[in-house]
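In my numbering, the protein residues as written are 8 to 237. Here a beta-carbon is modelled for each residue, glycine too, at the ideal position from N, C-alpha and C. Structure, as structure tokens:
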Ligand code: FES
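Below you can see the structure in the form of structure tokens.
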């Protein structure tokens, strides 16, 4: 109990308050030199960095996966014999239907034989899939739906298509037997009774580099290809 003077008044301490304090301040320990001490700021920073790493991984892993596999994925190898090479004279582009495995609609291919090269071009427009027409006069392809136009080997020259016309693998047989594949699509020097085989479809970029088959409207290059169909 505080001492009082005889009249009940606390003794005079010279103006300095000497009574009890409402709160006794507790001095905080200084952890600046403790490498193992984790402050709240450090903890929240760690959580933010870890969360960012997880999000980055969630975005990058699929992108890298698509980039690595984009040029190797594709359809199964199925070869269809479309007739003897002699049915496709040099300098001519021939339109014909290719039958597909049961349940799948047939496809139409423009088989182009020019300057010693056999090339199978799909008639499906790369914009929204309308069938394109071949113009023998200009040696070009035109889409009747939205004005898409392609050059002699299917590269876009006008309109909205995001990539060239798709292609089909083409091979020749060694002779008249479809099972004997010569492993080449150059008809120069091929046996007279060689047959033409048309295989799986694939997409190309403007430099005619092959990619897995893409759907109508889908790009094969550029960042937008990763966002398709969103
Ligand atoms: Fe061919 Fe649109 S579907 S240009």
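{"Query": "Beta carbon of residue 176 nearer than 8 Å to that of residue 199", "Result": "no"}
{"Query": "Residues that residue 178 bridges to, as DSSP identifies them", "Result": "204"}
{"Query": "Start and end residues, beta strand (DSSP E) containing residue 93", "Result": "Neither: residue 93 is in no beta strand (DSSP E) and is coded neither H nor E."}
{"Query": "8 Å Cβ cutoff met for residue 174 and residue 117", "Result": "no"}
{"Query": "Inter-residue Cα distance where the pair is residue 138 and residue 182", "Result": "33 Å"}
{"Query": "Residues sharing a beta bridge with residue 105, DSSP", "Result": "114"}
{"Query": "Contact test: residue 161 Cβ vs the ligand FES heavy atom, cutoff 7 Å", "Result": "no"}
{"Query": "Cβ neighbour criterion (16 or more within 10 Å) applied to residue 130", "Result": "buried"}
{"Query": "Between the CA atoms of residue 222 and residue 114 - distance to the nearest angstrom", "Result": "14 Å"}
{"Query": "Within 8 Å, strictly: CB atoms of residue 127 and residue 205", "Result": "yes"}
{"Query": "Residue from 214, 179, 224 and 216 whose Cα sits closest to the Cα of residue 202", "Result": "179"}
{"Query": "8 Å contact criterion, which residue 132 and residue 155 should meet: CB distance rounded", "Result": "5 Å"}
{"Query": "Between the CA atoms of residue 149 and residue 141 - distance to the nearest angstrom", "Result": "7 Å"}
{"Query": "Heavy atom of the ligand FES within 7 Å of residue 135 beta-carbon", "Result": "yes"}
{"Query": "Own chain, CB closer than 7 Å to residue 107, minus 5 neighbours either side, in chain order", "Result": "113 and 114"}
{"Query": "heavy atom of the ligand FES below 7 Å from residue 252 C-beta", "Result": "No answer is possible for residue 252: the residues shown for the chain start at 8 and end at 237."}
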